[in-house]
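Chemist: As they're listed, the protein sequences go chains Y and F.
If you count the first sequence from 1, position 238 lands on 237 in numbering that gives the first Met the number 0, and the numbers rise without skipping.
If you count the second sequence from 1, position 109 lands on 108 in numbering that gives the first Met the number 0, and the numbers rise without skipping.
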Amino acid sequence: MIKRTSALLAVLALVCTFVPLVGTPEPSFAGAPLFGRVHESFQPEKGKIFVLVIGNDARFGNPDRSLADAIHIVGVNTKTMKGGVLNFPRDSWVSIPGHGSAKINEALFRGGPELLAQTLEKLTGIQLDYWVMTGFVGFQEIVHDLHGVVMDIPQAVNDIGASGSVLDAGKQRLAGYQALAYARARKAFSGGDIARTTHQGDMLVALLRKLNQETRESPAALFRWIAATREHARFDIEADEMFRLGILATQVNAADVGKVTVPASLGSVGAASVVFISPGAADIYRRFRENGSL
Amino acid sequence: MAVSTVLPEQTRIWLTVAAVVALFVAIGAVFVIRDLPHRTVQPPAEAPVVQVQERALPQAAWKITTFAPSTDGKLAPPDARAVDRQRAPLGRLVRRVFDALFVHTEQLDATIAEDFAPAAAAAFKRSGAGAHVTGVTTTTVRRARIGIQGAGGARSAVAEVSIRAKAPARGASTLHRSTLWLARGDTGWQVVAFEVDQGPLPGRKDGRAGPRRGHKQSKGERR
């Protein structure tokens, strides 16, 4: 009896001595790998952001009294972090609020970026949050400041007599003047204006890919992009909002951005050659409006 | 002999007068007391200083570099001055946040509340970054590289931070890398967005630490 009791006491003493030395398992210090990012700070009310990107043909003077050469709606779904670029041929025949029917690029001439935004909102049902606009010189300077853009040119281009674009097919870095010429080229392509706007959309995604690569290497590269945009473009975005949008852009993978040119056919109204947007575009608008991505 | 229970008239008068006076005094005292300032315990002007016992293990000094990226490597003098003024505050913020994450973990909640915008603060807490343990002696090797946007008065910045933390008593180690996006408002710098990557310190068969992510200095950096 005494021996048993002594044995039990000895075991108890050992346990009381040993356990504190070993300790109870600590909460994980190293833990499982974590990966996190936040963009909740920029969650717009409906989880989507739409930006109107405008390239005007102003060379000198008032850019608001110029024609829009490039018209694109860029959307981002801030919950799925997927996006889309919807391209509009500049000769699209549309209804311009207060001005009847005309080519869509005239909306900029008649009422500035705001009227062009209203025209597109009426056409697509998409509520635009911001607009960004630049001209020939501005676009060329932006690409120059960013040290060019790498693009995969699907077919060789020889538009020497019009836009001045001369490029081989394949992946290559375009300097500022090359990027501008390619963005303006239409006569070298059978699709004309439709092909041109498609190439412009490709260029926007190529720029996003470049942003992804540079900020992955050094996040501070975003500031060079913001500086180049602020210097050579106009926009209705506050500085801190632009910063946040820039951060958002760094977190959207270019591979997750779809590109769509509105289905359209070439035609004419009177003596003017125009582009008629197909009724099937309504489904694209709805999808883009609901998802924020393509 | 009967004992008279009736008080003499003069006495009754004095008693009555005394009672009336006492009544008035009491009423007056009530008013006076009500108007007296209430004694309250004023909260301290600042939160009490947390007495942090220094960790027994020495910490390597922070290595923080700051630079101002620009498109052509040059900054206008006003922008350069604005950047110079923000180097120290940004360095302090980064040290404060990550020391709270890995060393002085008892200060983490207060630090996040002060140095993070609300949405980012909530998300950062959810991210699970940091040591999460208290009372564990930890050694850290801490590096930060802070880019400050020059144009526009130095109101945006980004900090790339790398922390190697070891808890020798537990045989555990952590490699933490994060990117903090910061915006400067009226009340100073706050983190508005972040990316975090944290996991065990990669090891090699020979027991040495794994390769570090290299940094390629981009054009336009100016320290």
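Just so you know, even glycine gets a beta-carbon here, dropped at the ideal spot from N, CA and C.
Bear in mind that the values here come from a model prediction, so they are computed numbers and not experimental data.
Can you tell which of Y:Val142, Y:Gly137, Y:Ile159, Y:Met132 has the C-alpha that lies nearest to the C-alpha of Leu210 of chain Y?
Modeler: Of the candidates Y:Val142, Y:Gly137, Y:Ile159, Y:Met132, the one whose C-alpha sits nearest the C-alpha of Leu210 of chain Y is Y:Val142.
Chemist: Any contact between the segment 48-56 of chain Y and the segment 129-149 of chain Y? By contact I mean 3 or more CB pairs, one from each, below 8 Å.
Modeler: Contact between the segment 48-56 of chain Y and the segment 129-149 of chain Y is present, because at least three Cβ pairs lie under 8 Å.
Chemist: When we look at the beta-carbon of Glu159 of chain F and count the other beta-carbons within 10 Å, is it buried (16 or more) or exposed?
Modeler: By the 10 Å Cβ count, Glu159 of chain F comes out buried.
Chemist: Pick helix, strand or coil for Glu159 of chain F, following the three-state DSSP scheme.
Modeler: Correct three-state label for Glu159 of chain F: strand.
Chemist: Given that a residue counts as buried once 16 or more other Cβ atoms are within 10 Å of its Cβ, and exposed if not, what is Arg89 of chain Y?
Modeler: Buried: at least 16 other Cβ atoms inside 10 Å.
Chemist: How would you write the range of the beta strand (DSSP E) that Gly187 of chain F sits in, first residue to last?
Modeler: Taken as a continuous stretch (DSSP letters only), the beta strand (DSSP E) holding Gly187 of chain F covers 187-199.
Chemist: Do Ala168 of chain Y and Ala155 of chain Y come within 9 Å of each other at the CB atom, strictly closer than that value?
Modeler: Cβ atoms of Ala155 of chain Y and Ala168 of chain Y: closer than 9 Å.
Chemist: Compare the Cα-Cα distances from Ala194 of chain Y to each of Y:Lys258, Y:Lys81, Y:Ile159, Y:Ile225 and report the closest residue.
Modeler: For Ala194 of chain Y, the nearest C-alpha among the options comes from Y:Lys258.
Chemist: With 16 as the cutoff for other CB atoms within 10 Å, does Phe115 of chain F come out buried or exposed?
Modeler: When all chains shown are included, Phe115 of chain F counts as buried.
Chemist: Whole angstroms is fine: what's the gap from Lys121 of chain Y's alpha carbon to Val96 of chain F's?
Modeler: Cα to Cα, Lys121 of chain Y sits roughly 48 Å from Val96 of chain F.
Chemist: Under the three-state reduction of DSSP, which class applies to Phe188 of chain Y: helix, strand or coil?
Modeler: In the structure shown, Phe188 of chain Y sits in coil (DSSP, three-state: anything other than H, G, I, E or B).
Chemist: First and last residue of the beta strand (DSSP E) that includes Ala182 of chain F?
Modeler: Start and end: 171-184.
Chemist: Going along the chain, which residues of the segment 185-198 of chain F sit with their C-beta nearer than 7 Å to a C-beta in chain Y?
Modeler: Cβ contacts with chain Y come from Val191, Ala192, Phe193, Glu194, Val195, Asp196, Gln197, Gly198.
Chemist: Could you tell me the alpha carbon to alpha carbon distance between Gly99 of chain Y and Glu105 of chain Y, rounded to whole angstroms?
Modeler: Looking at the two C-alpha atoms, the distance is approximately 11 Å.
Chemist: Alpha carbon to alpha carbon, how far is Glu39 of chain Y from Ala219 of chain Y?
Modeler: Because Glu39 of chain Y sits at a pLDDT of 48, beneath the cut-off of 50, its placement in the model cannot be relied upon, and the following sentence gives the value as read from the coordinates. When rounded, the distance between both Cα atoms is 21 Å.
Chemist: What is the residue span of the alpha helix (DSSP H) that Trp224 of chain Y lies within?
Modeler: Counting along the chain, the alpha helix (DSSP H) containing Trp224 of chain Y begins and ends at 220-231.
Chemist: Let me check understanding here. Comparing Cα to Cα, which of F:Phe123, F:Pro88, F:Pro167, F:Leu100 lies closest to Trp188 of chain F?
Modeler: Nearest of F:Phe123, F:Pro88, F:Pro167, F:Leu100 to Trp188 of chain F, Cα basis: F:Pro88.
Chemist: Looking only at its chain, what residues have a beta carbon closer than 8 Å to the beta carbon of Leu127 of chain Y, apart from the 5 residues adjacent to it on each side?
Modeler: If we look at Leu127 of chain Y and ignore the five residues flanking it on each side, its Cβ neighbours are Phe49, Val50, Leu51, Ile72, Ala116, Leu119, Glu120.
Chemist: Following a CB-centred definition, is Ser155 of chain F positioned closer than 8 Å to any heavy atom of the ligand SAM?
Modeler: This structure does not include the ligand SAM; it has no bound ligands of any sort.
Chemist: Counting only C-beta atoms, is Ala254 of chain Y closer than 9 Å to chain F at any point?
Modeler: Judged by the 9 Å Cβ criterion, Ala254 of chain Y is not in contact with chain F.
Chemist: Are the beta-carbon atoms of Ala187 of chain Y and Asp151 of chain Y separated by less than 9 Å?
Modeler: Cβ distance not < 9 Å, so Ala187 of chain Y and Asp151 of chain Y don't count as in contact.
Chemist: Quick one: residues in its chain with C-beta nearer than 8 Å to the C-beta of Tyr181 of chain Y, no 5 flanking neighbours on either side, listed in chain order?
Modeler: Taken in chain order, the residues that qualify are Met150, Ile152, Val156, Ser162, Ser164, Leu166, Leu173, His198, Met202.
Chemist: Quick check: the Cα distance between Ile246 of chain Y and Ala192 of chain F, rounded to an integer number of angstroms?
Modeler: Roughly 8 Å between the two C-alpha positions.
Chemist: I'd like to know if Val157 of chain F contacts chain Y, where contact means its C-beta is closer than 9 Å to some C-beta of that chain.
Modeler: Yes, Val157 of chain F lies at the interface with chain Y (some Cβ there is under 9 Å from its Cβ).
Chemist: Within 9 Å (strictly less), CB to CB, does Ala79 of chain F reach chain Y?
Modeler: Not closer than 9 Å to any Cβ of chain Y, the Cβ of Ala79 of chain F fails to qualify, so no.
Chemist: Could you check the C-alpha separation between Arg224 of chain F and Leu107 of chain Y for me, to the nearest Å?
Modeler: For residue 224 of chain F there is no data in the structure shown, the boundaries of chain F being 0 and 222.
Chemist: Using a Cβ cut-off of 8 Å, which residues of the segment 80-100 of chain F contact any Cβ in chain Y, in chain order?
Modeler: The residues in question: there are none.
Chemist: Report the CB separation of Val256 of chain Y from Val84 of chain Y in whole angstroms; it is logged as a contact under 8 Å.
Modeler: Rounded, the Cβ-Cβ distance is 6 Å, consistent with contact.
Chemist: Assuming Ile70 of chain Y contacts Ile103 of chain Y under a Cβ cut-off of 8 Å, what Cβ separation, rounded to an integer in Å, is found between them?
Modeler: Right, the Cβ-Cβ distance comes to about 6 Å (below 8 Å), so this counts as a contact.
Chemist: Assuming Gly291 of chain Y contacts Gly46 of chain Y under a Cβ cut-off of 8 Å, what Cβ separation, rounded to an integer in Å, is found between them?
Modeler: Gly291 of chain Y to Gly46 of chain Y, Cβ: 7 Å. Contact.
Chemist: For Ser65 of chain Y, does the count of other Cβ atoms within 10 angstroms reach 16, so buried, or fall short, so exposed?
Modeler: It counts as buried.
Chemist: For a test of the three-state rule: what should DSSP assign to His143 of chain Y, helix, strand or coil?
Modeler: Note: His143 of chain Y maps to helix in three-state DSSP.
Chemist: Is it buried or exposed, Gly149 of chain F, if we count other Cβ atoms within 10 angstroms and call 16 or more buried?
Modeler: By the neighbour-count rule (16 or more Cβ atoms within 10 Å), Gly149 of chain F is buried.
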